Amino acid sequence: MRSNFRPNIRLTTNILLVIGTFAIAFKITPIAEVYQGKNLCIKYLKHQIDRDKLIKRLKLVKQANPSSICDSVLKS
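Spelled out as structure tokens, the structure:
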């Protein structure tokens, strides 16, 4: 009779790889959001996007001054 040890090890390894991949993806998500905000501010300061689009994408209040917000976003 054949042993099931090696197939079980492969299955366990594959499951752990999938779990590890998702764990890494969830760790990277907040970092990506910060850099997306920085890229939007850089585009705004280079006049590649307008004020309304910046406010909409960063989910800001319309009365907020995007230039001062971009200064704080870029410093962090």
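According to the numbering used here, the sequence shown is numbered sequentially starting from 6.
Ideal placement from N, C-alpha and C gives every residue a C-beta, glycine not left out.
In this text, all values refer to a predicted model and were calculated from it rather than measured experimentally.
Please report the Cβ distance between residue i and residue j, rounded to the nearest whole angstrom; I am assuming they are in contact, meaning their Cβ atoms lie under 8 Å.
i, j, result
"Val78", "Cys46", "5 Å"
"Pro71", "Tyr49", "6 Å"
In the DSSP assignment, find the unbroken alpha helix (DSSP H) run with residue i in it and report its ends.
i, result
"Gln41", "Phe10 to Leu50"
"Val78", "Pro71 to Lys80"
"Ile54", "From DSSP, Ile54 is part of no alpha helix (DSSP H); its letter is neither H nor E."
Quick one: is residue i buried, meaning 16 or more other Cβ sit within 10 Å of its Cβ, or exposed?
i, result
"Leu59", "buried"
If you compare alpha carbons, which of the options is closest to residue i?
i, options, result
"Asp76", "Arg56, Lys43 and Phe31", "Lys43"
"Asp38", "Asn9, Phe10, Arg62 and Ser8", "With the sequence shown as reference, residue 38 is identified as Glu, and Asp is not the correct amino acid for it. Looking at the Cα atoms, Arg62 is the closest of the given residues."
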